Amino acid sequence: MSESNLTKYTLANSIKELMKRTPIAKISVGDIVAHCGLNRQTFYYHFKDKYDLVNWIFYTEAVDRIKRFSTRDHWVEGFCDLCCHMRENKEFYMNALSATGQNSFSEYLQDFSRELFLSMINELRGNAPLSKADREFISVFYSVAFVGVISYWAERGMKENPVDYIDRFLKLLDGTMLQQIIHPFESPPAK
1 MSESNLTKYT
11 LANSIKELMK
21 RTPIAKISVG
31 DIVAHCGLNR
41 QTFYYHFKDK
51 YDLVNWIFYT
61 EAVDRIKRFS
71 TRDHWVEGFC
81 DLCCHMRENK
91 EFYMNALSAT
101 GQNSFSEYLQ
111 DFSRELFLSM
121 INELRGNAPL
131 SKADREFISV
141 FYSVAFVGVI
151 SYWAERGMKE
161 NPVDYIDRFL
171 KLLDGTMLQQ
181 IIHPFESPPA
191 K
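Going by UniProt numbering, the first residue of the sequence shown is number 1, and it counts up by one from there.
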């Protein structure tokens, strides 16, 4: 491992330890570097701010796993894998999702999931008529919904099984839940 990556992992482990007991909003760069014995200059050489570090952790720990599943036939497994990873590291992700605003993990996750949804839409629709604006709108809609649902799950302690949670989200995507609301006494369509 390069010295640069070793330093990044040292900073990552430091903030992860601090986030087990302190809200991210109350953690400073000074706290991070003091915890791991590095200096502020070293931190800023590698990261813009603490949120950039949190996003790097997500990218290195989760994104490669998700990208393996980003094809049409496997994207559901990708989202399940992401949620399972988040639940396995729930202290970190619950804390990371509690911060909002510019450079926050929520913003990063929304941008990341928007790109995934857009990629899926483009793969599923191919050359079929659907304007670029409509594709973008749909991807934004579902990414905001996905991050909102994940944040809601995190706020409640990530107690619910992530696979069940994603299954409910998928029922919204395919219209099953909407049909059950509109036609409550009809049997749901067989899959």
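Idealized CB from N, CA, C, for every residue including glycine.
Because the structure is a prediction, the values reported are computed rather than measured.
**Study point:** Cβ neighbours of residue 122 in the same chain (closer than 6 Å, five flanking residues each side left out)
**Key:** Once the five neighbours on either side are set aside, residue 122 has no close Cβ partner at all.
Check your understanding: Quick one: what does DSSP say residue 159 is sitting in, helix, strand or coil?
Key -> Correct three-state label for residue 159: coil.
**Study point:** Contiguous alpha helix (DSSP H) assignments of at least 4 residues, all confined to the segment 79 to 138
**Key:** Complete alpha helix (DSSP H) runs here, min 4: 90 to 98, 105 to 125.
Exercise for review: With DSSP as the reference, label residue 7 as helix, strand or coil.
Suggested key: Assignment of residue 7 by DSSP, reduced to helix, strand and coil, places it in the helix class.
Point to revise | Helix, strand or coil at residue 65 according to DSSP, with G and I counted as helix | key: Under the three-state reduction of DSSP, residue 65 is assigned to helix.
Review point. Taking just the CA atoms, how far does residue 182 sit from residue 171?
Key: When only Cα atoms are considered, residue 171 and residue 182 end up about 14 Å apart.
**Study point:** Residue of 95, 173, 105, 153 minimising C-alpha distance to residue 117
**Key:** That would be 173, whose Cα lies nearest to the Cα of residue 117.
Check your understanding: Where does residue 22 sit, in a helix, a strand or coil, going by DSSP?
Key -> Residue state, collapsed to three classes: coil.
Review point. Given that a residue counts as buried once 16 or more other Cβ atoms are within 10 Å of its Cβ, and exposed if not, what is residue 53?
Key: Looking at its Cβ environment, which holds 16 or more other Cβ atoms inside 10 Å, residue 53 is buried.
Practice item. Measure the alpha-carbon distance for residue 168 versus residue 67 and round it to whole angstroms. Key: When rounded, the distance between both Cα atoms is 22 Å.
**Study point:** Beta carbon of residue 275 nearer than 8 Å to that of residue 9
**Key:** In the structure as shown, the chain starts at 1 and stops at 191, and residue 275 therefore has no counterpart that could be examined.
Check your understanding: Going by alpha carbons, who is nearest to residue 27 out of 95, 164, 65, 126?
Key -> Nearest of 95, 164, 65, 126 to residue 27, Cα basis: 95.
Review point. Which word fits residue 45, buried or exposed, when buried means at least 16 other C-beta atoms lie within 10 angstroms of its C-beta?
Key: The C-beta of residue 45 has fewer than 16 other C-beta atoms within 10 Å across all chains shown, which makes the residue exposed.
Point to revise | 8 Å Cβ shell around residue 63 - same chain, five flanking residues per side excluded | key: Excluding residues within five positions, the ones whose Cβ falls inside 8 Å are 112.
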